[in-house]
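Enquirer:
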Amino acid sequence: MKRVIELLEITSELGAGTRGAGLGVGALKVAALNKKSDFFARYPSITVRDFNEYLFQDYTTKHAIRIEHILHEFVQISGSVCSSLERGSFPFLLSGDHSTAAATIAGIKKYYPTSKLGVIWVDAHADFHSPYTSPSGNVHGMPLAIAAQMDNLEQKVNDVSDETAEYWRKLKAIGGKEPNISPNDIVYIGVRDTEAPEDYIIDKYGVKNFKVDEVKEKGVDKVVEETFNILDDCDIIYVSFDVDSMDPEEISRGTGTPVKNGLSLVDTKHLLNTIVKNEKVCCFEIVEINPCLDDKINKMAETAFDIIDEVSKIVEH
Ligand SMILES: [Mn+2]
0 MKRVIELLEI TSELGAGTRG AGLGVGALKV AALNKKSDFF ARYPSITVRD
50 FNEYLFQDYT TKHAIRIEHI LHEFVQISGS VCSSLERGSF PFLLSGDHST
100 AAATIAGIKK YYPTSKLGVI WVDAHADFHS PYTSPSGNVH GMPLAIAAQM
150 DNLEQKVNDV SDETAEYWRK LKAIGGKEPN ISPNDIVYIG VRDTEAPEDY
200 IIDKYGVKNF KVDEVKEKGV DKVVEETFNI LDDCDIIYVS FDVDSMDPEE
250 ISRGTGTPVK NGLSLVDTKH LLNTIVKNEK VCCFEIVEIN PCLDDKINKM
300 AETAFDIIDE VSKIVEH
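The opening residue of the sequence shown carries number 0 in numbering that gives the first Met the number 0; numbering runs sequentially from there.
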C-alpha cells in the first residue's frame, strides 16, 4: 500500500532540561527555505498545540518535571497521530523533545490496538528512566519507560511525591491499561550514554543495542537486517530518530544533550533510508533539534532537514 505522508509539527519542549528544542520545527523550516526545498509544500501539515506557556511557571514535581502539562500534551499528540492513521496517512512527526515519543506510540496503538508494535530507537540515550530512577527529572529521558509501563523500582533512587506518582500512573495509562510496547520489541541504534538503572533494564530484557562501533564494523545493511530479524514478529514498526545519535563533532552541538563518538552522517542517512523502505514502518519521528545550542549557526537543522527530505521521499516511494 502506498504510504502518504502527513506532517505533524510538535513544538512542545516541556520534557527537556535545556530550553530551545521547541524551536526545532522552525529551524527545519528555515533550513528548507534556504535550500529552496518544496518539502513543506509537498505534504499536508498539522500543528499540534503545545503547552510551553507553563515553562514560565514554577513546577512542584522535581522527579518528573512539568508532568501534569506533559499529560495534557500527550492527549493532543496521541490523538493527532491516531487521527492521521485513521485518514490513511503516514504520520511523520517533526518534534521538540523526545518525551513526545511515548505519546506517538500511544497514538499508534490507539489505531492498531491488537497489532504488535516494534520500535527502532536511534539515539545516544536509552530513555528508559522513570521518576523513581531519573537523575534529572526530565521526562525526555522517560518515553520508553512510559510506553512499556516500567517503573524499575528494583533500581529506585528517588522518593517520588504522591502527586508525581499519580500523574505518572496517568501518563503510563495513555493508550490503555496494557503496556503499548514490550521491552523485547525495542531495538536501539547508537545508544552510548546510559545510567545504571537503564543498563539494568537493558540487561534484564536483553534489549539489543547496536553501538556506534558495531554499526561501523558490521556496516549499516547488516545492522538493518539484524534489526528486522529481532523485530520479525512485530506487525508494525515505529522509528524514533533523536538527532543526538549523530556525532556532535562532525555535525553540530545543536541538541539538548550531545554525546561524543556518535553515528556519522553517511551512516545515519543510509541507516534511516534503509529502515523506512520496510513496509512495516508506519510512523517516523525526528526529535531534539535545538537551534539555540547550535555552535555552527543552523547546522543541526540543516543536516536534519537533508535527512528527512530523503527519508520522506523513500516513505512515499
Ligand atoms: Mn532521546
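Virtual Cβ for every residue (Gly too), placed ideally from N, Cα, C.
Since we're looking at a predicted model, the values are computed, not measured.
I'd like to confirm something about histidine 269: is its beta-carbon nearer than 7 Å to some heavy atom of ligand 1, or not?
Expert: no
Enquirer: With a 10 Å radius around its C-beta and 16 neighbouring C-beta atoms as the bar for buried, classify aspartate 243 as buried or exposed.
Expert: buried
Enquirer: Answer yes or no: the CB of glutamate 194 versus the heavy atoms of ligand 1, is any distance below 7 Å?
Expert: no
Enquirer: Tell me where the alpha helix (DSSP H) around proline 142 begins and ends.
Expert: 142-146
Enquirer: Straight-line CA distance for threonine 273 to aspartate 220?
Expert: Distance between the alpha carbons of threonine 273 and aspartate 220: 8 Å.
Enquirer: Could you tell me which whole alpha helix (DSSP H) segments of length 4 or greater appear in the stretch 9-70?
Expert: 23-33, 38-41
Enquirer: Since isoleucine 306 and threonine 267 are thought to touch, with beta carbons under 8 Å apart, how far apart are those beta carbons, to the nearest angstrom?
Expert: 7 Å
Enquirer: Measuring only the C-alpha atoms, how far is leucine 270 from lysine 171?
Expert: 30 Å
Enquirer: Can you tell me which of Tyr42, Lys35, Leu54 puts its alpha carbon nearest to the alpha carbon of glycine 21?
Expert: Leu54
Enquirer: CB-CB under 6 Å to aspartate 293, same chain, minus the five flanking residues each way: which ones, in chain order?
Expert: Cβ neighbours of aspartate 293 beyond the five flanking positions: Ser251, Gly253, Met299.
Enquirer: Any heavy atom of ligand 1 closer than 7 Å to the Cβ of histidine 324?
Expert: Not covered by the structure: residue 324. The range shown for the chain is 0 to 316.
Enquirer: Would alanine 40 be called buried (16 or more neighbouring beta carbons within 10 Å of its own) or exposed?
Expert: exposed
Enquirer: Find the nearest neighbour of aspartate 96 within the set Asn297, Asn289, Glu315, judged by alpha-carbon distance.
Expert: Asn289
Enquirer: Are the CB atoms of valine 190 and histidine 124 nearer to each other than 8 Å?
Expert: yes
Enquirer: With respect to the alpha helix (DSSP H) encompassing isoleucine 352, which residues constitute its N-terminal and C-terminal limits?
Expert: Residue 352 is absent from the model: the chain starts at 0 and stops at 316.
Enquirer: Along the chain, where does the alpha helix (DSSP H) that runs through glutamate 224 open and close?
Expert: 219-229
Enquirer: Could you tell me which residues DSSP pairs with serine 88 in its beta bridges?
Expert: Val3
Enquirer: What's the C-alpha gap between phenylalanine 50 and tyrosine 204?
Expert: Near 34 Å, if we compare the C-alpha coordinates of tyrosine 204 and phenylalanine 50.
Enquirer: Just to confirm, is the Cβ distance from lysine 115 to glycine 174 under 8 Å?
Expert: No; because the gap between Cβ atoms is not below 8 Å, this pair is not in contact.
Enquirer: Span of the beta strand (DSSP E) holding phenylalanine 240?
Expert: 235-241
Enquirer: Grouping DSSP H, G and I as helix and E and B as strand, with all else coil, what is asparagine 183?
Expert: In the three-state scheme derived from DSSP, where H, G and I count as helix and E and B as strand, asparagine 183 is classed as helix.
Enquirer: Give me the Cα-Cα distance between aspartate 122 and methionine 141, rounded to the nearest whole angstrom.
Expert: 13 Å
Enquirer: State buried or exposed for proline 196, treating a residue as buried only when at least 16 other CB atoms are found within 10 Å of its CB.
Expert: It counts as buried.
Enquirer: When you measure from the CB of aspartate 126 to every non-hydrogen atom of ligand 1, does any distance come out below 7 Å?
Expert: Indeed, a heavy atom of ligand 1 lies less than 7 Å from the Cβ.
Enquirer: Could you tell me if isoleucine 188 is buried or exposed, where buried requires 16 or more neighbouring beta carbons within 10 angstroms of its beta carbon?
Expert: buried
Enquirer: Short check: CB of cysteine 281 to CB of isoleucine 313, under 8 Å?
Expert: At least 8 Å separates the beta-carbon of cysteine 281 from that of isoleucine 313.
Enquirer: Can you list, in chain order, the residues of its chain whose CB lies under 7 Å from that of glycine 295, leaving out five sequence neighbours each side?
Expert: Residue identity differs from the one stated: residue 295 is lysine in this sequence, not glycine. Answer for lysine 295: Ser251, listed in chain order.
Enquirer: Answer yes or no: do alanine 101 and phenylalanine 127 have a C-beta to C-beta separation smaller than 8 Å?
Expert: no
Enquirer: Mind checking which residues open and close the beta strand (DSSP E) that includes glutamate 284?
Expert: 280-286
Enquirer: Checking 8 Å against the spacing of the C-beta atoms, do cysteine 291 and glycine 16 come in under that value?
Expert: 8 Å or more divides the Cβ of cysteine 291 from the Cβ of glycine 16.
Enquirer: Starting from glycine 351, trace the alpha helix (DSSP H) both ways and give me its first and last residue.
Expert: Not covered by the structure: residue 351. The range shown for the chain is 0 to 316.
Enquirer: Whole angstroms are fine: how far does the CA of lysine 215 sit from the CA of valine 222?
Expert: 10 Å
Enquirer: DSSP state of valine 118, grouped into three classes?
Expert: strand
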